[in-house]
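To start, the structure itself, in structure tokens.
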Amino acid sequence: MADGIGSWRDSGREAKFWIFNSTASLPVLLFLVNISWNTFGIVVLTIAALTILDYYGMKPKVFVRFMRSSLAGRVKRPRPWWL
């Protein structure tokens, strides 16, 4: 294993098929089950969004956390809003 193919260091990387990451497989499966222009559009938009996130170095989980913290704002209340 001198060339680095199949190294244990690659176990933390996300699985990819060519340039698309593995999280795009669910919309593609949905498209194969229900072939229509609507599901094709969903697949194209999903793959485009995941490719853009991958370009900026974010995973979908990290992006959801980023959006949640952006929507919550800078001030965190020490007590619930209903008290």
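Numbering (our numbering), first residue to last: 2 to 84. We put the beta carbon where it would ideally sit given N, CA and C, even for glycine. None of the values given here were measured: they were computed from a predicted structure.
Per DSSP, the bridge partner or partners of residue i
i, result
"residue 18", "21"
Reduced DSSP category for residue i - H, G, I as helix; E, B as strand; rest coil
i, result
"residue 48", "helix"
"residue 38", "helix"
"residue 26", "helix"
"residue 72", "helix"
"residue 80", "coil"
Distance between beta carbons of residue j and residue i, contact taken as under 8 Å
i, j, result
"residue 47", "residue 61", "Between residue 61 and residue 47 the Cβ distance is about 10 Å, and since that is not below 8 Å, they are no contact."
"residue 54", "residue 64", "6 Å"
Span separating the alpha-carbon of residue i from that of residue j
i, j, result
"residue 98", "residue 45", "There is simply no residue 98 to check, as the chain begins at 2 and stops at 84 in what is shown."
"residue 2", "residue 35", "Note that residue 2 scores 46 on pLDDT, short of 50, meaning its location in the model is unreliable and no value can be drawn from it."
"residue 32", "residue 40", "5 Å"
"residue 1", "residue 57", "Any question about residue 1 goes unanswered here, given that the chain covers just 2 to 84."
Interface flag, residue i vs chain B, CB-CB below 8 Å
i, result
"residue 10", "Absent from the structure: chain B. Only one protein chain is present."
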